[in-house]
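Protein chains in written order, with this note's numbering: chain A, 1 to 355; chain B, 1001 to 1278; chain C, 2001 to 2280.
Presented below is the structure to which this report refers.
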């Protein structure tokens, strides 16, 4: 009777799966399709390695034997050999040419829920029946004409003054670049965002998860999650005009937290957090938005211990290149220091016996 | 008799079994010569009457704070008994509070006995507001009417000279002296028969100290409860207490009326304490 | 290739989960740990509810799955298709026809019966998490019915905002004993848990916990004696599609206008249907 409605959901999933297959066939990659099935590996390490180059990313994955922590390290190291050609202009999130854009906060939003390619509804079965319960549905990707700029799923609430704005201190208006200076606490939000955009996906996920599980009190609702292509623009040195120098895949997320009293005017508003990274990496961008939310509005927490709200913890512990490097360095010879340890133990034992 | 302590001992560390006998003030040490365990409290006997204020003095390591923690059940008793009149068994007789389980301990702390810590972070929940801290006690005592809880919180805020306008702010935003006042307000909300105070004014400004001590004295007279005050500061003891107990190496070396003990100390150690301060 | 058994799980796994369910029913509101299995669906996407549904389902059952009240939601579709593919049971969107209803975030508008089981997907099984994240301490607090911190939270919110800030997952006292997390249903659905003829089962896959409200059990939200329980208010609103009133609504903004639609899509269909048959 009402299976029409149910069919709508089935069809959406089918199309989404179809788009996902196309994605794995190289739809969104510039490189040749031989490496297209590596898209999420490529995107992850381009973000963590802070270098957007598919070609180098593929090479890094090959030379590291697909050790993605190390592959990101290759990219990061390669950065040091590159001259800085200039600075791009800020990307407007609304201008991202979206291929997927959803909001879990509302049933319908301006510009539409665009499911796009996603593996969310693919059953994780390697064998047996049901491994592909819902067939991918072709017959077009169901694509509508998407109007750009596409407002954030939170824009309606924001225009009604219901979303709190993080206060930016006067001396923090110009973004800090952590690759050119090492900020000291209290860390400007721009530096924290940069650290997180380069952060290791797994570490960020872990820290964000503590906050969701009660060590902290963030219960985010995703106001807007979008994947798409962002045009990178620079000012032409001769004409002085903005020119597009290329396009990059990006993921952007806006999360909404609990409401709080805004110290600015004592009105009640919803808190929000932002996440953004190179490539398609939804988990990382969502985690980043949760961490931003937790650090920007730490006082909501009623749990006794909180990790995700502490900028000191997040700033120093989410970089994969750093944490992996230091953890792995324990493989190096340590026999001099260890000998010193043993000697100290012996002296203490001697003291015990005489004592 | 409100509280009667019999032969109370506390050993820290693994005991060899002889520790308590081999330590104490007559042995000149709190550390067991056989196994090295620390006997912080050694066979203490003590009584507290209704509305009586008892002071405990002694150098650090004398066992005075541990004694307070044993009574409040912050730490487990090794040996001995404590009878607290308010905590009664089915037969209506006082039970040994050393044997209380967690639920009974919570009940006792919520409705009969309260503790003021030197560090407000131990006594207050900094994630709740000042008023919320007081509300916790009122709620624990079974109150479920919001307006009544609110009134109680305001009442105890006023009682302890705290600005009611700031009742919904976190303890974090209050000064050190005010944090102690919130602790006292919270303690009073448990309508205690016995209030334990561990160095309540140590670390505070001298003028703030005096104000808080005066307030405690007034509240004690007005609401009539007994107190045990632990302090290394003889000024505090003189100001607040009726009876003074002097401790060293986990034992009581002298006790008597506060005036007597401080004016005419009998024990050599007390004489030393008094002369070094006065 | 190995054939996957009826309802995905091996029989021992189902038995083990059913034992946890039985314990939960015996102790209303008590949180029972269980060895949550890895599902082909991601943790956090309803694997707790799914494991319960798959453990209790038989060939004779009829399954309905909703998310946000809606059968057509992609999450609901995905779970329903999986259950049907592994059991071959009949699926329905009609609340009255279903013997097992798995839900996320809603209680169906249509009154349930003794013949039905409502299975909730639960993200945070322990209601105390908001005041105490340590699971060991949580367990002791439940054992001693030590809920004063929850009440202090209620006091704090009431003092600052006039009411609790908890919008969904509102704490409920079950059978005059344990305080329980009812899963993220809106406040509107809370009174509908009380004295409900259906068996209500709650599954948290990621957190590995199961709990239950047996049929006809007293369930009440925690509120101060001098305050009443506040719910989402839709007075004077009606569904744009079927005209229903006094139900939980989704809101849509169209051309600056707020429009209301039944959140329960089946209820909306039923109302529309009966309107049509009355008209003809």
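Every residue gets a Cβ at the ideal spot worked out from N, C-alpha and C, and that includes glycine.
Since the model is a prediction, treat every value here as computed from it, not as a measurement.
Bounding residues of the beta strand (DSSP E) (the contiguous stretch that carries residue i)
| i | result |
| --- | --- |
| residue 1100 (chain B) | Run containing residue 1100 (chain B): none; DSSP gives neither H nor E here. |
| residue 2262 (chain C) | 2257-2262 |
| residue 1080 (chain B) | 1079-1088 |
| residue 1045 (chain B) | 1038-1048 |
| residue 1245 (chain B) | 1243-1248 |
| residue 1012 (chain B) | 1003-1012 |
| residue 1073 (chain B) | First-last for residue 1073 (chain B): undefined, no H or E at that position. |
| residue 1256 (chain B) | 1251-1257 |
| residue 2064 (chain C) | 2062-2067 |
Unbroken alpha helix (DSSP H) run spanning residue i, endpoints
| i | result |
| --- | --- |
| residue 57 (chain A) | 54-63 |
| residue 297 (chain A) | No alpha helix (DSSP H) contains residue 297 (chain A), which DSSP labels as neither H nor E. |
| residue 1183 (chain B) | 1176-1189 |
| residue 2087 (chain C) | 2074-2087 |
| residue 1223 (chain B) | 1206-1223 |
| residue 1059 (chain B) | Residue 1059 (chain B) -> no alpha helix (DSSP H), and no H or E assigned at all. |
| residue 336 (chain A) | 335-354 |
Integer-rounded CB distance, given that residue j should sit under 8 angstroms from residue i
| i | j | result |
| --- | --- | --- |
| residue 1064 (chain B) | residue 1227 (chain B) | Going by Cβ atoms, the distance from residue 1064 (chain B) to residue 1227 (chain B) rounds to 14 angstroms, so no, they are not a contact pair. |
| residue 150 (chain A) | residue 206 (chain A) | Incorrect: roughly 32 angstroms between the Cβ atoms, too far for contact. |
| residue 2050 (chain C) | residue 2041 (chain C) | 7 angstroms |
| residue 318 (chain A) | residue 204 (chain A) | 5 angstroms |
| residue 9 (chain A) | residue 2077 (chain C) | 4 angstroms |
| residue 1030 (chain B) | residue 1021 (chain B) | That belief does not hold up - the Cβ atoms of residue 1030 (chain B) and residue 1021 (chain B) are roughly 13 angstroms apart, past 8 angstroms. |
| residue 2331 (chain C) | residue 2192 (chain C) | Here chain C covers residues 2001 to 2280 and nothing more, so residue 2331 (chain C) does not appear. |
Residue j beta carbon less than 7 angstroms from that of residue i
| i | j | result |
| --- | --- | --- |
| residue 2089 (chain C) | residue 2056 (chain C) | no |
| residue 1146 (chain B) | residue 2158 (chain C) | yes |
| residue 2202 (chain C) | residue 2183 (chain C) | yes |
| residue 103 (chain A) | residue 161 (chain A) | no |
| residue 308 (chain A) | residue 182 (chain A) | no |
| residue 1187 (chain B) | residue 2152 (chain C) | no |
| residue 2185 (chain C) | residue 2119 (chain C) | no |
| residue 1001 (chain B) | residue 1043 (chain B) | no |
| residue 291 (chain A) | residue 314 (chain A) | yes |
| residue 2210 (chain C) | residue 2024 (chain C) | yes |
| residue 2071 (chain C) | residue 2265 (chain C) | yes |
| residue 1211 (chain B) | residue 1124 (chain B) | no |
Contacts around residue i, its chain only, beta-carbon distance under 6 angstroms, and the 5 residues preceding and following it disregarded
| i | result |
| --- | --- |
| residue 278 (chain A) | 46, 47 and 52 |
| residue 142 (chain A) | With a pLDDT of only 49 at residue 142 (chain A), under 50, the local geometry of the prediction cannot be trusted, and the value read off the model is given with reservation. So the list reads 15, once near-sequence residues are dropped. |
| residue 234 (chain A) | 86, 88 and 245 |
| residue 1173 (chain B) | none |
| residue 289 (chain A) | 253, 255, 273, 274 and 275 |
| residue 1239 (chain B) | 1213 |
| residue 2014 (chain C) | 2055 |
| residue 1255 (chain B) | 1245 |
| residue 1095 (chain B) | 1087 and 1089 |
| residue 270 (chain A) | 162, 163, 256 and 259 |
| residue 2138 (chain C) | 2126, 2128 and 2132 |
Contact set for residue i: own chain, Cβ-Cβ below 7 angstroms, skip 5 residues either direction
| i | result |
| --- | --- |
| residue 2174 (chain C) | 2028, 2029, 2180, 2213, 2217 and 2219 |
| residue 1276 (chain B) | none |
| residue 130 (chain A) | No answer about residue 130 (chain A) holds up, because its pLDDT of 47 lies below 50 and its placement is not dependable. |
| residue 63 (chain A) | 74 |
Own chain residues within Cβ distance below 8 angstroms of residue i, not counting five before or after
| i | result |
| --- | --- |
| residue 1202 (chain B) | 1118, 1231, 1232 and 1233 |
| residue 242 (chain A) | 89, 233, 234, 235 and 236 |
| residue 2237 (chain C) | 2245, 2249 and 2260 |
beta-carbon residue i near the ligand ZN non-hydrogen atom, thresh 6 angstroms
| i | result |
| --- | --- |
| residue 2156 (chain C) | Only the bare structure without any ligand can be found here, which leaves the ligand ZN out of the picture. |
Kindly provide the ranges of any alpha helix (DSSP H) runs that are 4 or more residues long and lie completely inside the region 2224-2253 of chain C, ordered along the chain.
none
Would you mind listing the alpha helix (DSSP H) stretches within the region 2142-2213 of chain C that are 4+ residues and don't spill past its ends, in chain order?
2148-2161
If we require 4 or more residues per run, which alpha helix (DSSP H) segments fall completely within the region 188-229 of chain A?
189-197 and 201-212
In chain order, which alpha helix (DSSP H) runs of at least 4 residues are fully inside the region 247-324 of chain A?
282-296 and 311-317
Could you tell me which uninterrupted beta strand (DSSP E) segments, each at least 3 residues in length, are contained entirely in the region 99-129 of chain A, listed from first to last along the chain?
none
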